[in-house]
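Letter by letter, the sequence shown follows residues 1 to 440 of the working numbering.
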Amino acid sequence: MLQRNSDTPTTIGSYWEASIQAPRQDRQLMGNALFDVAIIGAGFAGLSAALKLAQDGVSTCVLEAEQVGFGASGRNGGFCCLGGTKLDERTLIRKFGLEEARKFVAYQLAGVNLVEERLNLWNADVDRHSTGEIFLAHRPRDVASLQDDAGFLKENFGIKTRLLSKDDLEKNGFGGPEFYGGMHFPYGFALNPMKYVHALADQVRQSGGKIFGKSQVSGVTRDGDRWRLETEHGFVRVRKVVLAGNGYAREDAPRWLQGRTLPVMSSIQVTRPLSEQELSAQNWTSDIMAADTRILLHYFRLLPDRRFLFGTRGGIFESPKSLANMRKRARADFERMFPAWVRIEPEFSWHGNVCLARDLTPFVGEIPHMEGVYSVMGWHGSGIAMASISGEKVAGLITGKIRQQDLPAVVSSPLRRFPLATLRKLYLQGAYWWYGWQDR
Ligand SMILES: Cc1cc2nc3c(=O)[nH]c(=O)nc-3n(C[C@H](O)[C@H](O)[C@H](O)COP(=O)(O)OP(=O)(O)OC[C@H]3O[C@@H](n4cnc5c(N)ncnc54)[C@H](O)[C@@H]3O)c2cc1C
1 MLQRNSDTPT
11 TIGSYWEASI
21 QAPRQDRQLM
31 GNALFDVAII
41 GAGFAGLSAA
51 LKLAQDGVST
61 CVLEAEQVGF
71 GASGRNGGFC
81 CLGGTKLDER
91 TLIRKFGLEE
101 ARKFVAYQLA
111 GVNLVEERLN
121 LWNADVDRHS
131 TGEIFLAHRP
141 RDVASLQDDA
151 GFLKENFGIK
161 TRLLSKDDLE
171 KNGFGGPEFY
181 GGMHFPYGFA
191 LNPMKYVHAL
201 ADQVRQSGGK
211 IFGKSQVSGV
221 TRDGDRWRLE
231 TEHGFVRVRK
241 VVLAGNGYAR
251 EDAPRWLQGR
261 TLPVMSSIQV
271 TRPLSEQELS
281 AQNWTSDIMA
291 ADTRILLHYF
301 RLLPDRRFLF
311 GTRGGIFESP
321 KSLANMRKRA
331 RADFERMFPA
341 WVRIEPEFSW
351 HGNVCLARDL
361 TPFVGEIPHM
371 EGVYSVMGWH
381 GSGIAMASIS
391 GEKVAGLITG
401 KIRQQDLPAV
411 VSSPLRRFPL
421 ATLRKLYLQG
431 AYWWYGWQDR
């Protein structure tokens, strides 16, 4: 049963919020408390770290500025898939070598498997569908690139993809004037991310982890042999800190973060449920999750209740004018790609922040010169699987069950400061214009 939660201050108007019953609101931190570990941010990364630590008997709290799932974890497209870096596999091999690139691919696959195992273990109903995902060539010349990619993935990573011609696409319910061919990638599945993040939070609470809502951390400072995390109505003193704010991180908590992350937007629209007739008119009947071959890609899927989810990337500034433009662009793209649905207006529309890093790779590890402070951030638009597994791994680093060298090199370099950091959104704007031009 759909329920609009407009009475809660953190509502963003997403379909995911409307698809769950009133979620639990965690109490604010009032006064002072002592824990072994404090985690900043209640998304997939922070909660995954908290779960593992709590299960290992470590006294752990999560400090969340709003409520569980307020960040990207409650706003995303629900594609549980590989990702986490903006570097493609060829560049990874060039930069890190084949062995490390393989280690990283295996890490991402383990992330997808971890999410699946958790959902099975918890018997969590998160509206799962889709076996793998499909990449659709948005220009005739991209069909050859997909063929190249298929050979490359098989040869270097043993991944067997399936190529589809335009005819195959039509026969399999992937209809659209801009789809010239496809590559089906066998790993991944789709889910309702809000249901997943709340299931995760429930597990944290059941395991003895404490979550504080409405408790934004405004400062992280050294206090004797502990760290002190300041919030509006109290503070915690802890031995270890995990930074899991990703695209919502405050740059001054701690100051080390200043200029090291670049939040950019991704936006989503969801239609009303479509009739069988409307689906046939567009010939989009597959429940496989899909993305096109653009650099500023579109991602889309038919939800189990027959609504259509359509996501775009490329927003930088959050002013009302920029948001209106972003929505207008997304709508124009939707109408061009799915012309049979031009009269179907979105019923839900929202956006959220993903986190880019200067080296285009995440950082999972202890921050240099800040003993006991760990980062688990920087997923570049694909964090369901990556943030989930990386949260577990950072917990392993804290308890000493794993060492940094057990993690792929790709996730082990500390986030570097962007050059001319205050201008980084402006120069990204320039890059986006260039990408948009290349995508034509
Ligand atoms: C529109 C959109 C679509 C996406 N689609 C996909 C997809 O289909 N598949 C996929 O894999 N990924 C997708 N992503 C990316 C994915 O959602 C994120 O990478 C992932 O959710 C990040 O999880 P996280 O726990 O690292 O951070 P978040 O979920 O962003 O959580 C960070 C939390 O930290 C809190 N916080 C920050 N600073 C502080 C502070 N100082 N004190 C207290 N709390 C603080 C925030 O309030 C926030 O709740 C999408 C993202 C967006 C925005």
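Idealized CB from N, CA, C, for every residue including glycine.
- Between SER286 and SER130, what straight-line distance do the alpha-carbon atoms span, to the nearest angstrom? As a first step, residue 286 must be located in the sequence shown, where it is residue number 286. As a first step, residue 130 must be located in the sequence shown, where it is residue number 130. Distance between the alpha carbons of SER286 and SER130: 9 Å.
- How would you write the range of the beta strand (DSSP E) that ALA291 sits in, first residue to last? Taking the sequence shown and counting its residues from 1, one reaches residue 291 at position 291. 289 to 292 is the extent of the beta strand (DSSP E) around ALA291.
- Sorry if obvious, but does the Cβ on HIS233 come closer than 7 Å to a heavy atom of ligand 1? Counting from 1 along the sequence shown, the entry for residue 233 is found at position 233. Flag unset: Cβ of HIS233 not near ligand 1.
- Task: Quick one: grab the DSSP three-state call for GLN269.
- Result: Walking along the sequence shown from the start, residue 269 turns up at place 269. Of the three classes helix, strand and coil, the one that applies to GLN269 here is strand, per DSSP.
- Item | Host alpha helix (DSSP H) of TRP350 (start-end) | What you label residue 350 is simply residue 350 of the sequence shown in a count that begins at 1. Run containing TRP350: none in the alpha helix (DSSP H); it sits in the beta strand (DSSP E), 346 to 356.
- Measure the alpha-carbon distance for MET337 versus TRP227 and round it to whole angstroms. By 1-based counting over the sequence shown, the position of residue 337 is 337. By 1-based counting over the sequence shown, the position of residue 227 is 227. Approximately 52 Å, taken between the alpha carbons.
- Query: How should LEU303 be labelled, buried or exposed, when 16 other C-beta atoms within 10 angstroms of its C-beta is the threshold for buried?
  - Reply: In the sequence shown, counting from the first residue as 1, residue 303 sits at position 303. Buried is the call here.
- Please go through the same chain and pick out, in chain order, the residues whose beta-carbon is closer than 7 Å to the beta-carbon of ILE295, but skip the five residues on each side of it. As a first step, residue 295 is located in the sequence shown; it is residue number 295 there, counting from the start. Excluding residues within five positions, the ones whose Cβ falls inside 7 Å are TYR435, GLN438 and ASP439.
- Message: Let me check one thing: in DSSP terms, what residues is ARG228 bridge-paired to?
- Response: For the purposes of this step, residue 228 is identified with residue 228 of the sequence shown, where counting begins at 1. Answer by DSSP bridge pairing, in chain order: THR221 and ARG237.
- From LEU274, SER382 and THR422, residue whose alpha carbon lies closest to that of PRO193: Sequence index remark: in the sequence shown, residue 193 carries index 193 (1-based). Answer by Cα proximity: SER382.
- Task: Look at the Cβ atom of CYS61, then the Cβ atom of PHE235, and state whether they are nearer than 8 Å.
- Result: Working through the sequence shown from its first residue, we reach residue 61 at position 61. Working through the sequence shown from its first residue, we reach residue 235 at position 235. No, Cβ-Cβ distance for CYS61 and PHE235 is not below 8 Å.
- Which whole-angstrom value describes the C-beta separation of VAL115 and ILE398, a residue pair presumed to lie in contact below a C-beta threshold of 8 Å? Position 115 of the sequence shown holds residue 115. Position 398 of the sequence shown holds residue 398. The Cβ separation is near 21 Å, so there is no contact.
- Item | LYS210: first and last residue of the uninterrupted beta strand (DSSP E) it sits in | Within the sequence shown, numbered from 1, the residue matching residue 210 stands at position 210. That run of the beta strand (DSSP E) goes 210 to 212.
- Query: Smallest Cα separation from LEU297: which of GLY158, ARG307, MET289 and THR312?
  - Reply: Position 297 of the sequence shown, counting from 1, holds the residue named residue 297. It is THR312.
- Query: Who pairs with LEU302 in a beta bridge, going by DSSP?
  - Reply: The residue labelled residue 302 in the question sits at position 302 within the sequence shown. Answer is PHE308.
- PHE308 versus ARG424: straight-line alpha-carbon distance, rounded: Within the sequence shown, residue 308 is the residue found at index 308, counting from 1. Within the sequence shown, residue 424 is the residue found at index 424, counting from 1. Cα-Cα distance, rounded: 34 Å.
- CB contact below 8 Å: ASN246 versus chain D: No chain D is present in this structure, which holds just one protein chain.
- Message: If distances are taken between C-alpha atoms only, which option among THR361, ASP88 and ALA50 comes closest to LYS210?
- Response: Along the sequence shown, one-based indexing puts residue 210 at 210. When only C-alpha atoms are compared, the closest one is ALA50.
- Query: Name the DSSP bridge partner or partners of PRO263?
  - Reply: As a first step, residue 263 is located in the sequence shown; it is residue number 263 there, counting from the start. According to DSSP, PRO263 bridges with CYS355.
- Query: Is any heavy atom of ligand 1 found at a distance shorter than 7 Å from the C-beta of GLY245?
  - Reply: Residue mapping note: residue 245 aligns to position 245 of the sequence shown, counting from 1. Answer for GLY245: yes, Cβ within range of ligand 1.
- Message: By the DSSP assignment, the beta strand (DSSP E) with HIS129 in it spans what residues?
- Response: The residue given as residue 129 occupies position 129 in the sequence shown. Per DSSP, HIS129 belongs to no beta strand (DSSP E) and is neither H nor E.
- Message: Please tell me whether SER207 and GLU64 are closer than 8 Å, where the distance is taken between their beta carbons.
- Response: In the sequence shown, counting from the first residue as 1, residue 207 sits at position 207. In the sequence shown, counting from the first residue as 1, residue 64 sits at position 64. No, these two residues do not count as a Cβ contact at 8 Å.
- Task: Can you have a look at VAL342 and say buried or exposed, based on whether 16 or more other CB atoms are within 10 angstroms of its CB?
- Result: As a first step, residue 342 must be located in the sequence shown, where it is residue number 342. Counting Cβ neighbours within 10 Å, VAL342 comes out exposed, since fewer than 16 surround it.
- Could you tell me whether the segment 17 to 36 touches the segment 162 to 177, where touching means 3 or more Cβ pairs closer than 8 Å? no
- Message: Per the DSSP calculation, LEU243 is bridged to which residue(s)?
- Response: The residue you call residue 243 lines up with position 243 of the sequence shown. DSSP, once it has assigned bridges, lists ILE40 and SER375 as partnering LEU243.
- Going along the chain, which residues of its own chain have a beta-carbon closer than 7 Å to the beta-carbon of PRO346, five neighbours each way excluded? By one-based count along the sequence shown, residue 346 stands at place 346. Here the set comprises GLN269, VAL270 and THR271.
- Query: Which word fits LEU34, buried or exposed, when buried means at least 16 other C-beta atoms lie within 10 angstroms of its C-beta?
  - Reply: Along the sequence shown, read from residue 1 onward, the residue named residue 34 stands at position 34. With fewer than 16 other Cβ atoms within 10 Å, it is exposed.
- Within 10 angstroms of the Cβ of ASP292, are there 16 or more other Cβ atoms? Answer buried if so, exposed if not. Position 292 of the sequence shown, counted from the first residue, corresponds to residue 292. The residue is buried, with at least 16 neighbouring Cβ atoms inside 10 Å.
- Task: Figure out for me which residue from GLY158, GLY78 and LEU82 has the closest Cα to the Cα of LEU98.
- Result: Translated into the one-based positions of the sequence shown, residue 98 becomes position 98. Considering only alpha carbons, the answer is GLY158.
- Query: With distances taken from CA atoms, which of TYR180, GLY372 and GLY188 is nearest VAL242?
  - Reply: By 1-based counting over the sequence shown, the position of residue 242 is 242. When only C-alpha atoms are compared, the closest one is GLY372.
- Message: Less than 7 Å between C-beta atoms, sequence neighbours within five positions excluded: which residues of the same chain meet that for PRO333?
- Response: Indexing the sequence shown from 1 puts residue 333 at position 333. Contrary to the premise, residue 333 reads as Asp rather than Pro in this sequence. For ASP333, where only same-chain residues beyond five positions count, the Cβ hits under 7 Å are HIS298 and THR312.
- Is VAL354 near ligand 1, going by C-beta to nearest heavy atom under 7 Å? By 1-based counting over the sequence shown, the position of residue 354 is 354. Result yes, Cβ under 7 Å from ligand 1.
- Regarding GLY83 and ligand 1, is the C-beta to nearest heavy atom distance less than 7 Å? Here residue 83 refers to the residue found at position 83 when the sequence shown is read from its first residue. Yes, since a heavy atom of ligand 1 falls inside the 7 Å radius drawn around the Cβ of GLY83.
- Item | Minimum C-alpha distance to ARG306 - residue among LYS328, GLN277 and PHE317 | One-based indexing of the sequence shown puts residue 306 at position 306. Out of LYS328, GLN277 and PHE317, GLN277 has the C-alpha closest to the C-alpha of ARG306.
- Item | Rounded Cβ spacing between ALA45 and VAL354 (contact assumed at less than 8 Å) | For the purposes of this step, residue 45 is identified with residue 45 of the sequence shown, where counting begins at 1. For the purposes of this step, residue 354 is identified with residue 354 of the sequence shown, where counting begins at 1. With a Cβ gap of about 13 Å, ALA45 and VAL354 do not count as contacting.
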